[in-house]
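To start, the structure under review is shown below, and the notes come after it.
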Amino acid sequence: HEEFGYIIDIWKYHLEAQDDLEGVVQDTTGDVIFNVRFDVIAFKPFDNEILDGTVYSVNKDGSGIEVHSGPIKCYIKVGRMPGYTYDSTLDQFTSHMPELKPIRRDSAIRHKIETLKFEKNEFIAISSIKDNYLGVVSS
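What follows is the structure, encoded as structure tokens:
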């Protein structure tokens, strides 16, 4: 849900009275509808938020990577990965700078959301690893 984010878990149900257990039967379908109150643990991403994720795929054309941070799909284009170039023989992004670890499928990566959209009932982010302390955490 765009307003609340992803529901990760239901934390607590609130059943204070016997009325809370009474439902209304729908004449046309036979479904029963209950009014339910509950607390949840939710995850809602924001612009400029820093997330950890896992590289899900490396684009074969070298244009970037797809990172999954929980339920969120994040895309990092090569222009937002300074110091990296695509190595098609290894199917990964590498750098001539030794402090920059290779970026490959299943690498753990820390990234910053630059643009966030909600479409087709999911969040999609354009992210970057341009700032300090961002990039591969482990490969």
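So the sequence shown is numbered by the numbering used here: it starts at 1 and just counts up by one.
For each residue, glycine too, the CB sits at the ideal point set by N, CA and C.
Quiz item: Exposed or buried, F4, counting other C-beta atoms within 10 Å across all chains shown (16 or more means buried)?
Solution: Numbered from its first residue, the sequence shown carries residue 4 at position 4. Label assigned to F4: exposed.
Practice problem: Report the partner residues of K145 according to the DSSP bridge assignment. | Solution: An answer regarding residue 145 cannot be provided, because it is not within the stretch 1 to 139 covered by the chain.
Quiz item: Would the region 37–54 and the region 110–120 be scored as touching if the rule is three or more Cβ pairs under 8 Å?
Solution: yes
Quiz item: Per DSSP, L51 forms a beta bridge with which residues?
Solution: One-based indexing of the sequence shown puts residue 51 at position 51. Answer is H111.
Self-check item: Status (buried if at least 16 other CB within 10 Å, exposed otherwise) for K84
Solution: Your numbering for residue 84 matches position 84 in the sequence shown. Looking at the sequence itself, residue 84 is Tyr, so the reference to Lys does not match. Flag for Y84 reads buried.
Quiz item: Counting along the chain, where does the beta strand (DSSP E) carrying H14 start and finish?
Solution: For the purposes of this step, residue 14 is taken as the residue at position 14 of the sequence shown. Its beta strand (DSSP E) spans residues Y6 to H14.
Practice problem: Tell me whether L21 sits in a helix, a strand or coil according to DSSP, three-state version. | Solution: In the sequence shown, counting from the first residue as 1, residue 21 sits at position 21. In this structure, L21 counts as helix in the three-state DSSP scheme.
Quiz item: Any idea what DSSP makes of R105, helix, strand or coil?
Solution: One-based indexing of the sequence shown puts residue 105 at position 105. Of the three classes helix, strand and coil, the one that applies to R105 here is coil, per DSSP.
Practice problem: Please state whether DSSP places I33 in a helix, a strand or coil. | Solution: The residue you call residue 33 lines up with position 33 of the sequence shown. It is a strand residue.
Exercise. State the beta-bridge partners of S140 as determined by DSSP.
Key: In the structure as shown, the chain starts at 1 and stops at 139, and residue 140 therefore has no counterpart that could be examined.
Exercise. Within 10 angstroms of the Cβ of Y86, are there 16 or more other Cβ atoms? Answer buried if so, exposed if not.
Key: Here residue 86 is taken as the residue at index 86 of the sequence shown, counted from 1. Classification for Y86: buried.
Quiz item: Ends of the beta strand (DSSP E) at Q26?
Solution: Numbered from its first residue, the sequence shown carries residue 26 at position 26. Q26 -> no beta strand (DSSP E), and no H or E assigned at all.
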